[in-house]
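**Student:**
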Amino acid sequence: MLERASGRRCVTVGEGELASESERERSKCLILGCGSLGFAVARELKDRGFDVHVVDIDETRLEFLKQEGFNTLVCDIREENTAKELMKQNCDFDVIFILSNNVETNRLALLNIKKEFPEAYVIVRATDSKEKDELERLGADIVLFPLDVITEAAVRQVERLKTEKLLKKLIRTIKSVGDAEKFGIVVHDNPDPDAIASALALRHIMKEKGVCADILYGGIIGHQVNRAFVNLLGIEMRRIEDGVLSEYSKFALVDTAVPGSNNSLPADTKVSIIIDHHPAGNGVDAEFCDIREELGATSTILAKYLRWLNIPVDKVLATALLYGIKTDTNGFKRNAHPEDFIAAAFLYPKVDRELLDQIETPPVSAETINIIGKAIQNRKIKHSYLISNVGYIANRDALAQAADYLLNLEGVTVAIVIGMNDENIYVSGRSKDIRVNLGEAFRQAFSKIGSAGGHSTTAAAQIPLGLFSGVKEKDTLIKLAEDAITKRFLTVIGVENDSKS
């Protein structure tokens, strides 16, 4: 037994040693001060397989822990000899907690522990933020504020309940279709990997709940990466043509939120489910609606659903969702949110890496190269804003690729590429200018004459060519469209329109 200078004893409780030979291979944690917090931490660590040792002056309290199989030592943690006794017993602790509710006791315990265990990782309890600097100066690796921890835990529980309630509503909405009926999962026109992967995940959830569904899209899948994505993963999708929509009793919108706005649903369609990460503005109405503008991808939302619902995710779905998140966040460099990283961590172990590599490196089409070339050749720059008109196109996805490429040009902070077909004018924009919210600028400039939206660094617009229906000459039409788009955009961002080549 250890004699203290004060004449009181330090008593070993239990089997007479702090660490048996069989325990030494497990990670060891030491808890100094076993009030309610120390008691709770000790039990949680033991439940998780740690070898837990507890020191406190209260014999009665430690007797309960002894009966539960803990290694315990009755000692005053303020005394220097307590740390020395622990060192004599040759205990090599991975983590040391100092958790009494008295700051002076914790300060003295920290000083003594650091003398005997200078390499140990030490977590110390404080009562307020004023003590943090001193405890860190004395060697604490982490300073805990129990009130903050309780607050964070409470918020997490609220978020958990909120998520559970949301998912129950989603499942109720999914199951509201009749036995012989089907859901139509509609993505935005000319869908990208995020939209397709999100729709695939929602269809997977519906299948798990016994509901049939198809993925529906308008436009084309033109981008070479998107084609490779769909073909390599074997994703079944139906193009929206005459009569197709009549086959479905209910609809879900994924990666788009307003019927008829950049999707091929009629504007008056009643939608049951909306899941999106784009700012939606007005006109959003559904039985179930989950729009999270702060997230980098809609795939992140669906990955969370799968995780919380504990639905198995196969290699194809995991690969699709991870690639959807990567593309919409530009490899986690654009509009990425912590939730995007959490979703990626959930998906990554399940991904088919060879398949992912094939998707990411498909051959580039000749048309895409030509459009990028035209965008370079036709560029006009005002200050740091680049606008280029590539004329008539068959593949609108190439506009985004051209905008991405032109944004790398020295001195350019915003790149906008314009193209058109026989029905619409398409505008794709990319920005690295922190002064410009590109999505909001596009909405202000083009939403009254078409549909437009996006995020602060990426945006797109679609404008019916009917505005220029009286113009028959193609070259004149291209020039008028360019002038109108340029004037509207530059006016919104407050730049005079006297562009130069």
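For the sequence shown, my numbering gives the first residue as 14, with consecutive numbering after it. We treat Cβ as the ideally placed atom computed from N, Cα and C, and that holds for glycine. Computed from a predicted model, the values in this text were never measured in an experiment.
(1) Please state whether the Cβ-Cβ distance between L419 and R392 is less than 9 Å.
(2) By DSSP's criteria, H290 is part of a beta bridge. Which residues make up the other side?
(3) Can you say whether N348 is buried or exposed, counting buried as having 16 or more other CB atoms within 10 angstroms of its CB?
(4) Less than 9 Å separating the beta-carbons of V430 and A415?
(5) With 16 other CB atoms within 10 Å as the buried threshold, where does Y529 fall?
(6) Would you report the Cα separation of L183 and Y336, rounded to the nearest angstrom?
(7) Which residue from T85, H66, G62, E147 puts its Cα closest to that of E72?
(8) State the DSSP-derived secondary structure class of D496, mapped to helix, strand or coil.
(9) Are the beta-carbon atoms of A133 and I109 separated by less than 9 Å?
(10) List the endpoints of the continuous alpha helix (DSSP H) containing I218.
(11) Can you grab the Cα-Cα spacing for the pair S262 / K283, in whole Å?
(12) Round the Cβ separation of I314 and I288 to the nearest angstrom and send it over; I've been treating them as touching at under 8 Å.
(13) Compare the beta carbon distance of G197 and N114 with 9 Å and say whether it is the shorter of the two.
(14) Does the segment 495-509 come close enough to the segment 371-390 that 3 or more CB-CB pairs lie under 8 Å?
(15) Let me check one thing: in DSSP terms, what residues is H201 bridge-paired to?
(16) Note down, one range per segment and in chain order, each beta strand (DSSP E) of at least 3 residues found wholly within the segment 393-427.
(17) Count the other C-beta atoms from every protein chain shown that fall within 10 angstroms of the C-beta of V449, then say buried if there are 16 or more, exposed otherwise.
(18) Any idea if P351 is buried or exposed, counting beta-carbon neighbours within 10 angstroms, 16 or more meaning buried?
(19) At what residues does the alpha helix (DSSP H) containing K461 begin and finish?
(20) On a CA-only basis, which of P376, V427, A413, V377 is nearest I3? Give me that one, please.
(21) Assuming T470 is part of the alpha helix (DSSP H), what are its boundary residues?
**Tutor:** Concretely, from the data shown:
(1) Yes, these two residues count as a Cβ contact at 9 Å.
(2) Paired residue(s): none; H290 is not in a bridge.
(3) In summary, N348 is buried, with 16 or more beta-carbon neighbours lying within 10 Å of its beta-carbon over all protein chains present.
(4) Taking 9 Å as the Cβ cut-off, V430 and A415 qualify as a contacting pair.
(5) The first residue shown for the chain is 14 and the last is 514, placing residue 529 beyond what the model contains.
(6) If I take the Cα positions, the gap works out to 24 Å.
(7) Of the candidates T85, H66, G62, E147, T85 places its Cα closest to the Cα of E72.
(8) The answer is helix: DSSP assigns D496 an H, G or I state.
(9) Yes. Within cutoff.
(10) For I218, the enclosing alpha helix (DSSP H) starts and ends at 206-221.
(11) Annotation: S262 to K283 spans about 10 Å, alpha carbon to alpha carbon.
(12) With 8 Å as the limit, I314 and I288 qualify as a contact, their Cβ atoms being about 6 Å apart.
(13) For the 9 Å CB-CB criterion, G197 and N114 do not form a contact.
(14) The segment 371-390 makes no contact with the segment 495-509; the number of CB pairs closer than 8 Å stays below 3.
(15) H201 is not bridged to any residue.
(16) Counting only runs of 3 or more, we get 393-395, 398-405.
(17) Residue environment: V449 is assigned as buried (16 or more neighbouring CB atoms within 10 Å of its CB, all protein chains considered).
(18) P351 is classed as exposed because its beta carbon has fewer than 16 other beta carbons within 10 Å across all chains shown.
(19) K461: not part of any alpha helix (DSSP H); DSSP gives it neither H nor E.
(20) Look at the range of the chain in this structure, 14 to 514, and you will see that residue 3 is not part of it.
(21) Premise fails: T470 is in no alpha helix (DSSP H) and is neither H nor E.
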